[in-house]
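Colleague: For the record, in the sequence shown the residue sitting at position 367 is 367 according to UniProt numbering, with numbers rising by one throughout. Sharing a structure here in structure tokens format.
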Amino acid sequence: RGGSTETGRALNFILHKGFPGGRNSSVPEVLIIISDGKSQGSTAMPAMQVKERHIIVFAVGIKFPRWEELHVLASEPPERHLLFAGDAEDAANGLYSTLSDPVCTATAPGCKVESHPCERRTLETVKEVAGNYVCWKGSKQPSAVQASLCPFIRWKRVLIKHPSRCFRTVCPDPCDSQPCQNGGTCVPEGLDRYHCLCLLGYGGDAHCAAKLSLECSVDLLFLMDSSAGVTLEGFLRFKAFLKRFLQAVVGQDSPMSVGVAQYNDDVKIPIELGPHKDASSLMKSIDALNFSGGRTLTGRALQYIAQHGFRSTPVFADVQDDLPRVVVLLTDSKSQDSVAQATKYAKDQNLFLIGIGSSFMRAELTMVTGSPQQTIVYSDPQDLFTRMPELQRKICSVGNPEGCQAQSLDLAFAVDASSGVGLENFLRLRHFVRSSCLHFVINRDVTQIALVIYGSKAHTVFALDTHTSNSAVLQAIDQVPFLGDSASAGSALLHVYNDVMTVQKGARPGVNKVVVLLTNGGGMQDAAAPAQQLRHNGILVFVVVIGDTERDTLLRVAGSPTYLVHISSYEDLQYYQGLIIERICEEARSPVNLCKPNPCMNQGVCILGPGSYRCQCHGWEGPHCETRVVRGDSLRSPALPPRSHMQWSPRGLQHFSRALQHSKR
1 RGGSTETGRA LNFILHKGFP GGRNSSVPEV LIIISDGKSQ GSTAMPAMQV KERHIIVFAV
61 GIKFPRWEEL HVLASEPPER HLLFAGDAED AANGLYSTLS DPVCTATAPG CKVESHPCER
121 RTLETVKEVA GNYVCWKGSK QPSAVQASLC PFIRWKRVLI KHPSRCFRTV CPDPCDSQPC
181 QNGGTCVPEG LDRYHCLCLL GYGGDAHCAA KLSLECSVDL LFLMDSSAGV TLEGFLRFKA
241 FLKRFLQAVV GQDSPMSVGV AQYNDDVKIP IELGPHKDAS SLMKSIDALN FSGGRTLTGR
301 ALQYIAQHGF RSTPVFADVQ DDLPRVVVLL TDSKSQDSVA QATKYAKDQN LFLIGIGSSF
361 MRAELTMVTG SPQQTIVYSD PQDLFTRMPE LQRKICSVGN PEGCQAQSLD LAFAVDASSG
421 VGLENFLRLR HFVRSSCLHF VINRDVTQIA LVIYGSKAHT VFALDTHTSN SAVLQAIDQV
481 PFLGDSASAG SALLHVYNDV MTVQKGARPG VNKVVVLLTN GGGMQDAAAP AQQLRHNGIL
541 VFVVVIGDTE RDTLLRVAGS PTYLVHISSY EDLQYYQGLI IERICEEARS PVNLCKPNPC
601 MNQGVCILGP GSYRCQCHGW EGPHCETRVV RGDSLRSPAL PPRSHMQWSP RGLQHFSRAL
661 QHSKR
């Protein structure tokens with residue numbers, strides 16, 4: 001409003017008019033005065049009368065108040081009723097928290113009010129003698145003046161500080177007990193709640209417990225590059241990654257034996273392979289690892305580790321150690337020696353290799369591990385720490401068949417061997433099929449694999465029931481020839497339908513079936529109809545196309561974008577292997593229709609039952625209508641009475657199918 005400060009008049013108004021809208025006398029009356037304390041009128045008498053009416057008065061001084069006047073205004077004791085704010089806005093914002101305790105005595109549970117030394121300030125105007133100056137004064141003598149020295153006074157604004165005691169409400173911080181583990185940051189939420197911001201790799205509960213666990217038994221050795229090529233920064237990054245990973249997985253119940261080696265020109269094993277249940281002791285050992293510098297001899301290091309890294313200790317000399325042996329290579333520097341022979345030697349010693357490095361190391365790490373599936377590459381330092389769950393999965397996939405390896409599956413590869421692909425790229429496709437087969441356990445009960453190559457015509461390289469082991473399949477793939485003529489993907493899929501995915505050629509009823517078509521996109525115009533025929537009979541068609549091709553045509557063949565993988569170049573094919581294997585595994589785990597494809601031969605009709613099926617035959621007999629009925633003397637085996645009414649479970653019919661195929665041979 002402006003004008004003068006008449007605090008006394010304001011108090012007289014309260015005395016005569018009371019509190020506007022006030023209630024009865026049973027409700028306490030509280031008066032809050034916010035002022036700079038410089039009233040133009042007297043405040044002593046009205047302030048005393050207000051207090052005599054038992055009105056509680058709080059005096060809040062703004063900026064540089066006149067504390068003597070505020071003391072007169074405030075109720076007793078002044079240290080609880082005399083307050084200070086830097087400006088009016090601070091007073092408005094802080095009144096609730098500042099006044100809640102003395103006004104309402106509403107201290108939060110667990111909180112307490114405590115005093116502390118502080119100072120209060122006033123800005124006052126004082127006189128100051130600036131010096132003496134010559135001045136003229138009157139004289140007793142008429143018409144005369146007298147020269148004299150006169151004091152010169154000036155006014156000065158002075159900030160005066162008054163020692164005092166202030167009060168504050170102190171509440172316990174919910175983060176005082178440091179509830180967040182493993183480097184997590186505690187963020188308070190009010191007086192009694194909090195939440196933890198957890199580091200990557202932690203967050204198993206609200207307190208950042210380790211969320212990783214190696215629920216598998218392995219002998220695990222980390223081989224860490226400490227050469228000059230990896231630099232000190234890279235070495236420290238790998239150390240931090242190693243510490244964080246092992247903190248998350250090592251514990252009292254961990255069945256894992258861990259060791260750590262580092263290499264440059266030489267190889268050292270500062271942490272011998274063995275059980276480590278005390279995580280803190282293991283962390284101290286890792287902290288003691290020092291950067292070495294020198295050359296990057298990865299091949300020599302792998303050879304040394306294969307020979308000396310997994311030697312049994314005398315304590316366990318009487319126990320046969322048949323646990324899977326895993327080596328995790330951490331490097332960011334190209335090897336200065338050959339890794340091919342050392343890698344082969346390590347694998348001959350039944351070592352499982354996993355490689356970790358930045359993206360430019362992808363090719364060398366894939367060469368070391370033998371598969372992109374066993375390689376982890378990161379794009380930036382922070383991305384490395386997000387790969388801990390991926391490393392945990394890869395370690396526990398060793399010696400523990402899961403996914404496709406534990407599911408029954410009939411899998412056929414149809415590979416484009418036409419001139420449009422070319423010999424060099426055909427060899428890449430052949431290598432892709434070979435490395436993909438390493439992800440499956442090949443035998444009569446788990447996975448059966450067939451291979452078809454095609455140009456203008458399709459040829460079966462080997463059928464589903466031809467090979468019963470991984471080694472036999474890999475050897476056969478190495479002998480696959482290049483055809484070199486025009487391409488017809490339609491004839492290849494039709495050949496798979498008629499001559500590969502049939503009971504006569506080894507397909508097992510009650511088992512999921514997948515066809516993987518590898519092509520450059522040529523000759524796809526006639527492929528949509530046979531692909532649809534395969535799907536109608538319960539056979540998944542997975543299309544992998546390398547190069548530029550019309551997407552609409554590809555989608556008609558694949559049937560869904562889920563089963564179409566479009567890759568820009570043959571060099572990138574290996575990086576999509578994990579995705580393709582994962583999609584195949586999903587199909588292997590899906591429910592199966594026992595009557596698709598039709599297991600009944602010679603136009604027999606498949607009739608589903610609860611968990612089984614039967615074949616209804618016409619002019620034929622046997623479980624799958626495989627024996628012709630002849631008038632007169634029947635040619636059927638006396639051991640095989642008419643079974644057109646018999647129901648077969650998947651396991652029973654698989655055993656019968658194998659026996660039937662064996663008798664045909």
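Cβ coordinates follow ideal geometry from the N, Cα and C atoms, glycine included.
Can you name the start and end residues of the beta strand (DSSP E) that Leu330 belongs to?
Modeller: Numbered from 1 along the sequence shown, position 330 holds the residue referred to as residue 330. Leu330 -> beta strand (DSSP E) spans Arg325 to Leu330.
Colleague: With DSSP as the reference, label Lys112 as helix, strand or coil.
Modeller: Taking the sequence shown and counting its residues from 1, the one referred to as residue 112 is at position 112. Strand at Lys112.
Colleague: Please state the DSSP three-state secondary structure of Leu464.
Modeller: Here residue 464 corresponds to residue number 464 of the sequence shown, with the count starting at 1. Correct three-state label for Leu464: coil.
Colleague: Among Ala472, Ile153, Cys135 and Pro151, whose alpha-carbon lies nearest the alpha-carbon of Val145?
Modeller: Numbered from its first residue, the sequence shown carries residue 145 at position 145. For Val145, the nearest C-alpha among the options comes from Cys135.
Colleague: Which residue marks the beginning of the beta strand (DSSP E) containing Asn512, and which one marks its end?
Modeller: By 1-based counting over the sequence shown, the position of residue 512 is 512. Asn512 to Thr519 is the span of the beta strand (DSSP E), which, as asked, contains Asn512.
Colleague: Using only the alpha-carbon positions, how far apart do Ser590 and Leu540 sit?
Modeller: The residue given as residue 590 occupies position 590 in the sequence shown. The residue given as residue 540 occupies position 540 in the sequence shown. Spanning the alpha carbons of Ser590 and Leu540 requires a straight line of approximately 11 Å.
Colleague: Please classify Glu550 as buried or exposed, where buried requires at least 16 neighbouring CB atoms within 10 angstroms.
Modeller: Along the sequence shown, one-based indexing puts residue 550 at 550. Looking at its Cβ environment, which holds fewer than 16 other Cβ atoms inside 10 Å, Glu550 is exposed.
Colleague: Does the distance from the CB of Lys334 to the CB of Glu364 come in under 8 Å?
Modeller: Locating residue 334 in the sequence shown gives position 334, counting from the first residue. Locating residue 364 in the sequence shown gives position 364, counting from the first residue. Result yes, Cβ atoms of Lys334 and Glu364 sit closer than 8 Å.
Colleague: Could you please give the first and the last residue of the uninterrupted alpha helix (DSSP H) stretch that includes Phe426?
Modeller: As a working note, residue 426 is residue 426 in the sequence shown. Segment Leu423 to Cys437, the alpha helix (DSSP H) holding Phe426.
Colleague: Give a yes or no on whether the C-beta atoms belonging to Asn593 and Gly538 are separated by under 8 Å.
Modeller: Within the sequence shown, residue 593 is the residue found at index 593, counting from 1. Within the sequence shown, residue 538 is the residue found at index 538, counting from 1. Annotated as proximal: Asn593 and Gly538, with beta-carbon spacing under 8 Å.
Colleague: I need the straight-line Cα distance from His439 to Ala414, nearest angstrom please.
Modeller: Numbered from its first residue, the sequence shown carries residue 439 at position 439. Numbered from its first residue, the sequence shown carries residue 414 at position 414. Approximately 18 Å between the Cα atoms of the pair.
Colleague: For Met48, which of helix, strand or coil comes out of DSSP?
Modeller: Walking along the sequence shown from the start, residue 48 turns up at place 48. Three-state DSSP puts Met48 in a helix.
Colleague: Name the two residues that bound the continuous alpha helix (DSSP H) containing Pro381.
Modeller: Taking the sequence shown and counting its residues from 1, the one referred to as residue 381 is at position 381. Its alpha helix (DSSP H) spans residues Pro381 to Phe385.
Colleague: Using 8 Å as the cut-off, can you tell me whether the segment 554–566 makes contact with the segment 527–534, which would need three or more C-beta pairs spanning the two stretches below that distance?
Modeller: yes
Colleague: Can you look up Ser257 in the DSSP assignment and give me helix, strand or coil?
Modeller: Residue mapping note: residue 257 aligns to position 257 of the sequence shown, counting from 1. Here Ser257 sits in strand by DSSP.
Colleague: Give me the residue from Pro324, Val511 and Arg387 with the minimum Cα distance to Arg244.
Modeller: Translated into positions along the sequence shown, residue 244 becomes position 244. Of Pro324, Val511 and Arg387, the residue nearest in Cα terms is Arg387.
Colleague: Does the Cβ-Cβ distance between Leu297 and Gln336 come in under 8 Å?
Modeller: In the sequence shown, residue 297 corresponds to position 297, counting from 1. In the sequence shown, residue 336 corresponds to position 336, counting from 1. In this structure, Gln336 lies closer than 8 Å to Leu297 by Cβ.
Colleague: Could you spell out the range, first to last residue, of the beta strand (DSSP E) harbouring Gly61?
Modeller: Locating residue 61 in the sequence shown gives position 61, counting from the first residue. From DSSP, the beta strand (DSSP E) with Gly61 extends over Ile56 to Ile62.
Colleague: Using a Cβ-Cβ cutoff of less than 8 Å, which residues in the same chain neighbour Val452 once the five nearest sequence positions on both sides are dropped?
Modeller: The residue you call residue 452 lines up with position 452 of the sequence shown. Taken in chain order, the residues that qualify are Ala412, Phe413, Ala414, Val415, Ala458, His459, Thr460, Val461, Ala492, His495, Val496 and Val500.
Colleague: Give the secondary structure of Gln156 by DSSP, where H, G and I count as helix, E and B as strand, and everything else as coil.
Modeller: Stepping through the sequence shown from its first residue, residue 156 is reached at position 156. In the sequence as presented, Gln is not what sits at residue 156; that position holds Lys. DSSP places Lys156 in strand when its eight states are reduced to three.
Colleague: Apart from the five residues on each side of it in sequence, which residues of its chain come closer than 6 Å, Cβ to Cβ, to Phe238?
Modeller: Taking the sequence shown and counting its residues from 1, the one referred to as residue 238 is at position 238. These residues qualify, in order along the chain: Met224 and Leu330.
Colleague: For the candidate residues Ala74, Asp36, Ala44 and His81, whose alpha-carbon lies nearest to that of Asn12?
Modeller: For the purposes of this step, residue 12 is taken as the residue at position 12 of the sequence shown. Minimum Cα distance to Asn12 is reached at Ala44.
Colleague: Only counting runs of 4 or more residues, tell me where the alpha helix (DSSP H) segments fall wholly within the segment 284–314, in order along the chain.
Modeller: If we require 4 residues or more, the alpha helix (DSSP H) runs fully inside the segment 284–314 come out as 298–308.
Colleague: For Gly521, which residues in the same chain have their Cβ closer than 6 Å to its Cβ, ignoring the five residues on either side in sequence?
Modeller: The residue labelled residue 521 in the question sits at position 521 within the sequence shown. Val545, Gly547 and Thr549, listed in sequence order.
Colleague: What do you get for Trp155, buried or exposed, if any count of 16 or more other CB atoms within 10 angstroms of its CB means buried?
Modeller: Residue mapping note: residue 155 aligns to position 155 of the sequence shown, counting from 1. So Trp155 counts as exposed.
Colleague: How far does the alpha helix (DSSP H) with Glu272 in it reach, from first residue to last?
Modeller: Walking along the sequence shown from the start, residue 272 turns up at place 272. Per DSSP, Glu272 belongs to no alpha helix (DSSP H); it is in the beta strand (DSSP E), Val267 to Pro275.
Colleague: Using only the alpha-carbon positions, how far apart do Gly61 and Cys180 sit?
Modeller: Taking the first residue of the sequence shown as 1, we reach residue 61 at position 61. Taking the first residue of the sequence shown as 1, we reach residue 180 at position 180. Each residue's alpha carbon lies about 43 Å from the other.
Colleague: Is Cys396 helix, strand or coil when you go by DSSP?
Modeller: Taking the first residue of the sequence shown as position 1, residue 396 is located at position 396. Of the three classes helix, strand and coil, the one that applies to Cys396 here is helix, per DSSP.
Colleague: Mapping DSSP to helix, strand and coil, what is Thr7?
Modeller: Position 7 of the sequence shown, counted from the start, is the residue given in the question as residue 7. Helix at Thr7.
Colleague: Looking at the structure shown, is Gly131 part of a helix, part of a strand, or coil, going by DSSP?
Modeller: Sequence index remark: in the sequence shown, residue 131 carries index 131 (1-based). In the structure shown, Gly131 sits in a strand (DSSP, three-state: E or B).
Colleague: Looking only at its chain, what residues have a beta carbon closer than 6 Å to the beta carbon of Pro151, apart from the 5 residues adjacent to it on each side?
Modeller: Here residue 151 refers to the residue found at position 151 of the sequence shown. For Pro151, where only same-chain residues beyond five positions count, the Cβ hits under 6 Å are Val129 and Asn132.
Colleague: Secondary structure at Arg65, three-state DSSP: helix, strand or coil?
Modeller: As a first step, residue 65 must be located in the sequence shown, where it is residue number 65. Contrary to the premise, residue 65 reads as Pro rather than Arg in this sequence. Pro65 falls in the coil class under three-state DSSP.
Colleague: Mark Arg665 as exposed unless 16 or more other C-beta atoms lie within 10 angstroms of its C-beta, in which case mark it buried.
Modeller: For the purposes of this step, residue 665 is taken as residue 665 along the sequence shown, with counting starting at 1. Low confidence applies to Arg665: its pLDDT is 47, below 50, so where it sits in the model is not reliable, and the reading given next is rough at best. By the neighbour-count rule (16 or more Cβ atoms within 10 Å), Arg665 is not buried but exposed.
Colleague: Taking 8 Å as the threshold, find out whether the segment 463–473 comes into contact with the segment 416–432 through three or more Cβ pairs.
Modeller: Judged by Cβ distances under 8 Å, the segment 463–473 makes no contact with the segment 416–432, as fewer than three pairs qualify.
Colleague: From this set, Cys617, Leu302 and Pro188, which residue's C-alpha is nearest Gly604's C-alpha?
Modeller: One-based indexing of the sequence shown puts residue 604 at position 604. Nearest option by C-alpha distance: Cys617.
Colleague: Taking the beta carbon of Ala147 as the centre, do at least 16 other beta carbons fall within 10 Å, making it buried, or is it exposed?
Modeller: Residue mapping note: residue 147 aligns to position 147 of the sequence shown, counting from 1. That one is exposed.
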